[in-house]
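**Q**
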Amino acid sequence: MKNHARFSLAHSASLAYAACMYFPTADISISPFLPPLAAFAISFFTSMGGVSGAFLLLPLQVSLGYDTPSVSATNHLFNVIATPGGVWRYYREGRLLTPLVKCTVLGCLPGVLIGAFIRLEWLADGARFKTFAALILLFLALRLLIGLRRSGSGQKAPGAAHPILLDSSFRSFRFSFQDREYACDLRAVFLLTLLIGLAGGIYGIGGGSILAPLLAVGFRLPVHVTAGPTLLCTFATSAGGVLIYLLLAPLYPGLTVIPDWTLGLLFGLGGLAGMYAGARCQKYIPARPIRLLLAIVILGTAAGWLFPPR
965 MKNHARFSLA
975 HSASLAYAAC
985 MYFPTADISI
995 SPFLPPLAAF
1005 AISFFTSMGG
1015 VSGAFLLLPL
1025 QVSLGYDTPS
1035 VSATNHLFNV
1045 IATPGGVWRY
1055 YREGRLLTPL
1065 VKCTVLGCLP
1075 GVLIGAFIRL
1085 EWLADGARFK
1095 TFAALILLFL
1105 ALRLLIGLRR
1115 SGSGQKAPGA
1125 AHPILLDSSF
1135 RSFRFSFQDR
1145 EYACDLRAVF
1155 LLTLLIGLAG
1165 GIYGIGGGSI
1175 LAPLLAVGFR
1185 LPVHVTAGPT
1195 LLCTFATSAG
1205 GVLIYLLLAP
1215 LYPGLTVIPD
1225 WTLGLLFGLG
1235 GLAGMYAGAR
1245 CQKYIPARPI
1255 RLLLAIVILG
1265 TAAGWLFPPR
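Count along the sequence shown starting at 1, add 964, and that's the number in our numbering.
(1) At least one CB of chain C closer than 9 angstroms to the CB of Ser1173: is that the case?
(2) Quick check on Gly1165: buried or exposed, where buried means 16 or more other Cβ atoms within 10 Å of its Cβ?
(3) Measure the alpha-carbon distance for Phe1019 versus Leu1104 and round it to whole angstroms.
(4) Would you mind working out which of Ile1222, Pro1063, Cys984, Ser993 sits nearest Asp1131, comparing C-alpha positions?
(5) What number of angstroms, rounded off, separates the C-alpha of Phe1137 from the C-alpha of Ser993?
(6) Taking the continuous alpha helix (DSSP H) assigned at Leu1129, which residues delimit it?
(7) Using 10 angstroms around the beta-carbon of Pro1273, count the other beta-carbons present and answer buried if the total reaches 16, otherwise exposed.
(8) According to the Cβ coordinates, are Leu1077 and Gly1204 closer than 9 angstroms?
(9) Can you grab the Cα-Cα spacing for the pair Arg1244 / Leu1215, in whole Å?
(10) When DSSP labels each residue in this structure, what does Tyr925 get in the three-state scheme?
(11) May I ask you to report which of helix, strand or coil DSSP gives Arg1144?
(12) Measure the C-alpha to C-alpha separation of Leu1108 and Lys1247 and round it to an integer number of angstroms.
(13) Can you give the Cα-Cα distance for Cys1072 and Thr1157, rounded to whole angstroms?
(14) Any idea what DSSP makes of Ala977, helix, strand or coil?
(15) In this structure, how does DSSP classify Arg1059 when only helix, strand and coil are distinguished?
(16) Sort Phe987, Gln1025, Ser1016 by Cα distance to Tyr1240 and report the nearest one.
(17) Taking 9 angstroms as the cut-off, decide whether the C-beta atoms of Gly1242 and Phe1081 are in contact.
(18) Looking at the structure shown, is Ser1136 part of a helix, part of a strand, or coil, going by DSSP?
(19) Rounded to whole angstroms, what's the CA-CA distance from Ala1003 to Trp1225? Just pull it up for me.
(20) Beta-carbon within less than 7 angstroms of Ile1110's beta-carbon, same chain only, minus the 5 sequence neighbours each way: which residues are those?
(21) Quickly, what does DSSP pair Met985 with across the bridge? List them, please.
(22) Compute the Euclidean distance between the alpha carbons of Ser1036 and Ala1163, then round it to the nearest angstrom.
(23) Could I get the ranges of all uninterrupted alpha helix (DSSP H) runs contained in the segment 1181-1241, with 4 residues as the minimum, in chain order?
(24) Sorted by chain position, which residues of the same chain lie with C-beta nearer than 6 angstroms to Ala1237's C-beta, five sequence neighbours on each side aside?
(25) Can you give me the C-alpha to C-alpha distance between Leu1229 and Thr989, rounded to a whole angstrom?
(26) With distances taken between CB atoms, is the gap from Leu1185 to Tyr1146 smaller than 9 angstroms?
(27) Quick one: is Gly1171 buried, meaning 16 or more other Cβ sit within 10 Å of its Cβ, or exposed?
(28) To which residues of the same chain is Pro996 closer than 6 angstroms at the C-beta, ignoring the five residues directly before and after it?
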């Protein structure tokens, strides 16, 4: 009996080991089904708020032991693969406001370049990076909770409604949505996205997860309108982020800088399906539950990093 039990345990262990896949750049061994399934589940919900989900995938990767600067580049790669699904769906539904898209992309790109340099030069240490990332997450959660308190019941699900551009100039633009008019100062958005690009370049999120709640809270724009532009901004800045990390890699031979292509692809494929499904379902869900869910998850992640169990 004892020999049989030992054989069963050894057989189970060998099967579990065989089910794992080794990712050499990340230097971790996990099931190949975990990345796409986790990315799909996260992206389905976060894409409804105009967020790719990369800000939650990064803590997952760090918890698995992947905390070198390469994880930021892999996160950018995930965004490049995953976000087109959501962007395409929002485009088909006429919910990509061109002035907002141009402004956010042009603002974030320079910041991503500077942020990637800071990540490699001063935040290469895993512990220091965790503290920075936790503070970013905490800031996001607080902004979302403040927005919930101010917004009351929040915007209703828009159904087939889409924004209509009324006026646009270099400085500002106006649009109507659900029988209400909104105005936005593009100069203020541009300055904001410069700073967001900086933080996004360090963290590896493209900036969309910071921009989405700030547009909803600070500029009081409908989350159903900002979701498409912020996802497209995430795609553009993350593509620039991957390129920047690849160009900077030869300058830091002692660090793992380039993305883990296989891991990023698996995360990206799951995210691609999740974002398309989330973008398709978003018009049937009110804004308040979307924001509340994001805030709870972000707060839990930030608290776990700032106050780890001993």
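Glycine included, C-beta positions come from ideal geometry on N, C-alpha and C.
This one's a predicted model, so the numbers in the text were calculated from it and none came from an experiment.
**A** Taking the coordinates as given:
(1) No chain C is part of this structure, which consists of one protein chain only.
(2) Residue mapping note: residue 1165 aligns to position 201 of the sequence shown, counting from 1. Counting Cβ neighbours within 10 Å, Gly1165 comes out buried, since at least 16 surround it.
(3) Start at 1 with the first residue of the sequence shown, and residue 1019 comes out as number 55. Start at 1 with the first residue of the sequence shown, and residue 1104 comes out as number 140. Those two C-alpha atoms are separated by around 10 angstroms.
(4) Within the sequence shown, numbered from 1, the residue matching residue 1131 stands at position 167. Among Ile1222, Pro1063, Cys984, Ser993, the Cα nearest to that of Asp1131 belongs to Pro1063.
(5) Walking along the sequence shown from the start, residue 1137 turns up at place 173. Walking along the sequence shown from the start, residue 993 turns up at place 29. Between Phe1137 and Ser993, the C-alpha separation is close to 49 angstroms.
(6) As a first step, residue 1129 is located in the sequence shown; it is residue number 165 there, counting from the start. No alpha helix (DSSP H) contains Leu1129, which is instead part of the beta strand (DSSP E) from 1128-1132.
(7) Position 309 of the sequence shown, counted from the first residue, corresponds to residue 1273. Any reading at Pro1273 needs caution, since the residue's pLDDT is 49, under 50, leaving its predicted position unreliable; the model's value is listed next. Pro1273 is exposed by the Cβ-count criterion.
(8) Here residue 1077 is taken as the residue at index 113 of the sequence shown, counted from 1. Here residue 1204 is taken as the residue at index 240 of the sequence shown, counted from 1. Result yes, Cβ atoms of Leu1077 and Gly1204 sit closer than 9 angstroms.
(9) Counting from 1 along the sequence shown, the entry for residue 1244 is found at position 280. Counting from 1 along the sequence shown, the entry for residue 1215 is found at position 251. Answer to the nearest angstrom: the Cα atoms are 43 angstroms apart.
(10) Examination of residue 925 is not possible in this model, given that the chain is present from 965 through 1274 alone.
(11) Position 180 of the sequence shown holds residue 1144. Arg1144: strand per DSSP, three-state reduction.
(12) Looking up residue 1108 in the sequence shown gives position 144. Looking up residue 1247 in the sequence shown gives position 283. Taking the straight line joining both Cα atoms gives about 20 angstroms.
(13) Stepping through the sequence shown from its first residue, residue 1072 is reached at position 108. Stepping through the sequence shown from its first residue, residue 1157 is reached at position 193. Distance between the alpha carbons of Cys1072 and Thr1157 is about 5 angstroms.
(14) As a position in the sequence shown, residue 977 is number 13, starting the count at 1. Low local confidence applies: a pLDDT of 40 at Ala977 is under 50, so the model's placement there is unreliable, and no value is given.
(15) In the sequence shown, residue 1059 corresponds to position 95, counting from 1. Coil.
(16) Locating residue 1240 in the sequence shown gives position 276, counting from the first residue. Tyr1240 has its Cα closest to that of Ser1016, out of Phe987, Gln1025, Ser1016.
(17) The residue you call residue 1242 lines up with position 278 of the sequence shown. The residue you call residue 1081 lines up with position 117 of the sequence shown. Not closer than 9 angstroms, so no.
(18) The count along the sequence shown starts at 1 and reaches residue 1136 at position 172. It is a strand residue.
(19) As a first step, residue 1003 must be located in the sequence shown, where it is residue number 39. As a first step, residue 1225 must be located in the sequence shown, where it is residue number 261. Each residue's Cα considered, the two are about 15 angstroms apart.
(20) Within the sequence shown, the letter at position 146 stands for residue 1110. If we look at Ile1110 and ignore the five residues flanking it on each side, its Cβ neighbours are Val1181.
(21) The residue you call residue 985 lines up with position 21 of the sequence shown. The beta-bridge partner set that DSSP reports for Met985 consists of Ile994.
(22) Translated into the one-based positions of the sequence shown, residue 1036 becomes position 72. Translated into the one-based positions of the sequence shown, residue 1163 becomes position 199. C-alpha separation (whole angstroms): 11 angstroms.
(23) Counting whole runs of 4 or more residues, the segment 1181-1241 contains the alpha helix (DSSP H) stretches 1187-1212.
(24) Mapped onto the sequence shown, residue 1237 falls at position 273. Excluding positions up to five away in sequence, the list reads Phe1004.
(25) The residue labelled residue 1229 in the question sits at position 265 within the sequence shown. The residue labelled residue 989 in the question sits at position 25 within the sequence shown. Between Leu1229 and Thr989, the C-alpha separation is close to 13 angstroms.
(26) Position 221 of the sequence shown, counted from the start, is the residue given in the question as residue 1185. Position 182 of the sequence shown, counted from the start, is the residue given in the question as residue 1146. Their beta carbons are under 9 angstroms apart, which means Leu1185 touches Tyr1146 by this criterion.
(27) Walking along the sequence shown from the start, residue 1171 turns up at place 207. Around the CB of Gly1171, 16 or more other CB atoms lie within 10 Å, so the residue is classed as buried.
(28) On the sequence shown, position 32 is the one that residue 996 refers to. Excluding positions up to five away in sequence, the list reads Met985.
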